[in-house]
Amino acid sequence: MIEVKNLVKSFKDGERETRVLKGINFSAKAGEFIAIMGRSGAGKSTLLYQMSLLDEPTSGEILINGKEAHLMSEHEKMLFRLSEFGYVFQDYALLPELTALENVALPLIMQGASRPAAEEKATAALTRVGLASRLGNLPSQLSGGEQQRVSISRAIAHEPDVLFADEPTANLDLESSATVMDIFKELHAAGQTIIMVTHEEEFARFAERVVKLDDGNIISDQPR
Amino acid sequence: MFSLLNIRVGFYLALRQLRRASLWTTGLIVFVMLLTFLNLVVVTGILVGLIEGINESYRTQYTGDVIISALSTKDYIEDTPSVLAFVKTLPQVSMLTERYQAGGTAEANYWNRTSNEKPNATGVQVIGINPVEEDAFTKLGSHIIEGSYLAEGDYDQILVGKYLLAKYAFGEQPGLTPLRDVSPGSKIRLTINGAVREVIVKGVVGSKIDLLAASVFLPAAELRTIMGRSDQNVKQIGIRLTPGSDPIAFKNLLLASGIGEKAKVQTFEDSIPNGVADIKNTFAMLGNGFSSIGLVVAAITIFIVIFINAITRRKFIGILKGIGISGRAIEISYIFQSLFYAIIGSAIGLVVLYGVLVPAVAAHPIDFPFSDGILVAPLFGTSVRILLLVLTTVIAGYLPARMIVRRNTLDSILGRN
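Protein chains in written order, with the numbering used here: chain A, 23 to 246; chain B, 4 to 420.
1) I want to verify the contact list: residues of chain A whose CB lies under 8 Å from the CB of Ser341/B, in sequence order.
2) Ignoring anything shorter than 3 residues, give me the beta strand (DSSP E) runs that lie fully in the stretch 122 to 197 of chain B, in order along the chain.
3) Can you look up Pro79/A in the DSSP assignment and give me helix, strand or coil?
4) Apart from the five residues just before and just after Ala229/A, which ones in its own chain have a Cβ nearer than 7 Å to its Cβ?
5) Considering Ser95/A, what are the terminal residues of the alpha helix (DSSP H) in which it resides?
6) List the residues that DSSP assigns as beta-bridge partners of Thr40/A.
7) So is Gly418/B in contact with chain A if we call contact Cβ pairs under 8 Å?
8) Here's the rule I'm using: 16 or more other beta-carbon atoms within 10 Å means buried, otherwise exposed. How should His180/A be labelled?
9) Excluding the five sequence neighbours on either side, which residues of its own chain have a C-beta within less than 7 Å of the C-beta of Ser210/B, listed in chain order?
10) Counting only the same chain and skipping the five closest in sequence on each side, list residues whose C-beta sits under 8 Å from that of Pro250/B.
11) With a 10 Å radius around its C-beta and 16 neighbouring C-beta atoms as the bar for buried, classify Ala50/A as buried or exposed.
12) Distance cutoff 8 Å, beta carbons only. Does Arg23/B sit that close to anything in chain A?
13) Is there at least one Cβ from chain B nearer than 8 Å to Pro129/A's Cβ?
14) I'd like to check one pair, Glu81/B with Lys238/B: are the Cβ atoms closer than 8 Å?
15) Relative to the alpha-carbon of Pro161/A, which residue among Ala139/A, Ala122/A, Ala187/A, Ser198/A has its alpha-carbon at the smallest distance?
16) Could you pull the start and end residues of the alpha helix (DSSP H) that Gln170/A belongs to?
17) Under 7 Å, CB to CB, which of the residues in the stretch 61 to 80 of chain A have a partner in chain B?
18) Which stretch, first to last residue, makes up the alpha helix (DSSP H) that contains Asp78/B?
19) According to DSSP, simplified to helix, strand and coil, what is Arg62/B?
20) Which chain B residues sit within Cβ distance under 7 Å of Glu119/A?
21) For the candidate residues Ile320/B, Val364/B, Ile389/B, Ile369/B, whose alpha-carbon lies nearest to that of Ile422/B?
22) Hey, Ile335/B and Phe5/B are a contact pair by Cβ (cut 8 Å); roughly how many whole angstroms apart?
23) Leaving out the 5 sequence neighbours to the left and right, which residues in its chain are closer than 6 Å to Phe306/B when beta-carbon positions are compared?
24) Could you say which of Met59/A, Leu43/A, Leu117/A lies nearest to Val30/A if we only look at CA atoms?
25) Which chain A residues are close to Ser349/B, counting only those with a beta carbon under 9 Å from its beta carbon?
26) With C-beta atoms as the reference, is Ile338/B less than 8 Å away from Ile407/B?
27) For chain B, find out if any of its Cβ atoms is closer than 8 Å to the Cβ of Arg41/A; answer yes or no.
28) From this set, Glu39/A, Ala64/A, Gly36/A, which residue's C-alpha is nearest Ile46/A's C-alpha?
29) Tell me the rounded alpha-carbon separation between Tyr152/B and Asp281/B.
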């Protein structure tokens with residue numbers, strides 16, 4: 023499904039060049055739940071951003087379902103992110119002036135769905151994560167755990183091929199974190215491909231495969 | 004691409020941003036747009052209205068809608084009775100006034116002047132009027148600032164324009180020697196065509212029309228006697244038309260009847276000196292210049308407002324792009340927001356303009372020293388200005404949104420520079 027070959031990502035700061043990813047080779051199959059782990063600065067989030075087409079690698083190849091994603095135009099990448107991927111960010115990344123329902127419905131509308139159809143799907147997605155009673159609430163009226171569940175609903179409402187999650191529990195208390203991970207577990211059980219970055223071992227346990235990074239290199243890639 | 008889908012999503016986003024924005028912030032931006040709109044329309048409107056006020060005063064206080072006057076080669080309108088008889092038969096005529104006119108000299112304080120003292124005298128234009136007819140036509144009586152208006156049957160009594168009196172004349176003016184120490188009740192020696200008549204000042208005319216403020220008025224019958232005229236030929240006939248009648252069409256009708264061979268026929272606009280039209284155009288240009296500055300200020304205001312809005316929402320713009328919302332849809336959402344500010348500001352401006360300002364200024368003209376200024380705001384001109392304001396606002400809203408939207412998606416999400 024996703025294949026990464028010799029992926030290099032460098033950042034330039036004046037004359038100094040920092041290599042964050044140093045020739046990564048990695049692949050993810052459909053239906054897998056992969057946890058990418060590593061200490062701070064290991065390059066795990068950077069790898070996620072490259073694979074999810076939020077950033078451009080310095081060199082290397084990214085193949086998604088056989089398509090050379092690294093050669094796509096910005097517009098093609100945008101369409102890919104809209105229809106094939108779902109994102110869960112560490113800080114929920116909800117739009118503050120949109121209600122929970124509107125936040126979830128927006129990408130569906132962008133895909134061309136009518137407003138009622140989009141809202142119907144969004145309601146179903148929010149119900150799936152236990153937020154049926156919070157549809158009309160703004161993010162500011164929701165707890166951190168609830169906001170993250172809205173974020174997950176937004177990511178899955180359009181039934182993406184891959185769900186990318188960047189430290190989805192980092193800002194949550196233990197109880198909310200457990201709820202989020204339970205949702206991921208259910209999604210995975212239903213066949214959803216999930217690639218999650220985390221630095222917490224206890225949540226990595228939910229994944230079926232753990233990839234560990236250190237200093238821009240994969241140091242282990244094992245089924246759990 | 005301004006595709007329908009992008010427009011739909013842009014509208015969806017804009018509507019929600021506006022609905023949930025701070026009421027104070029929205030109110031303040033709309034208020035700025037309202038002020039900009041008023042600046043665009045009212046500044047030019049008042050500058051043009053200042054001159055239009057002169058035109059209107061000229062029409063209401065002097066010429067009427069159409070004026071028939073003596074040819075430049077004649078002292079009077081030939082065969083005035085037949086001209087009047089014809090004009091009175093026309094259904095468009097609602098009212099008219101006849102005036103005699105003669106040049107002369109007015110001298111005050113002549114009885115106590117020593118032989119080597121310079122006379123307290125000035126050259127004047129004397130206008131002979133029927134006081135009742137003239138007051139009905141021009142409301143001359145309402146422009147008396149001292150003393151009182153002429154009554155029917157008054158004899159040896161005159162009205163003096165304020166510019167002929169030293170106490171009302173402003174500054175030294177070459178060639179003008181206004182009369183000193185003259186008030187209602189003062190005796191004046193009037194000399195016309197060599198005939199001398201001692202008259203009493205009954206009132207002072209304070210009109211802002213120079214022609215009236217620099218003239219002497221006395222009953223027509225008395226002026227005819229002084230001038231030694233036995234005919235009924237007058238110098239001017241002012242005509243007021245019924246509402247809705249077209250002065251140009253009426254003028255053409257008179258010319259077609261042959262009156263043009265005996266007299267000069269002009270609409271009130273024709274009779275206004277050319278300089279006034281030039282000043283009007285100059286003021287309109289000045290007004291447009293000031294308005295352009297206002298427009299630039301509005302554009303900068305909207306640019307700053309949208310730029311600050313977009314830059315503080317940069318992270319969310321990044322998220323929107325990250326989850327696949329097109330940059331164009333985000334830009335369009337800002338265009339819709341700018342449109343909202345411009346349209347609401349202009350709509351309130353229209354209500355304020357046509358509901359309050361125009362009627363208020365029409366009822367209480369602005370008291371300029373040389374005119375009663377009105378507010379000229381023709382609907383077409385206002386529409387053009389609204390269009391200009393909306394266009395400027397849309398561009399000023401689009402540019403900063405585009406600047407922010409074009410930034411790297413991930414940098415925006417992570418807040419990196």
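Beta carbons: idealized from backbone N, C-alpha and C, even for Gly.
Looking at the atomic coordinates:
1) Correct list: empty, because the minimum Cβ distance to chain A is about 17 Å.
2) 123 to 132, 147 to 150, 160 to 164, 190 to 195
3) coil
4) Phe55, Ile56, Ala57, Met218, Arg246
5) Unbroken run through Ser95/A: none, as it is neither H nor E.
6) Phe33/A
7) no
8) buried
9) Gln64, His146, Ala216
10) Asp68, Val69, Leu244, Thr270, Phe271, Glu272
11) buried
12) yes
13) yes
14) no
15) Ala122/A
16) 166 to 178
17) Tyr71, Leu76, Asp77
18) Element bounds for Asp78/B: n/a, residue is neither H nor E.
19) helix
20) Arg19, Gln20, Arg23
21) The structure shown does not extend to residue 422/B, since chain B spans only 4 to 420, so no value can be given for it.
22) 7 Å
23) Ala399, Pro403
24) Leu43/A
25) Those within 9 Å of Ser349/B in chain A number zero; the least Cβ separation is about 25 Å.
26) no
27) no
28) Ala64/A
29) 35 Å
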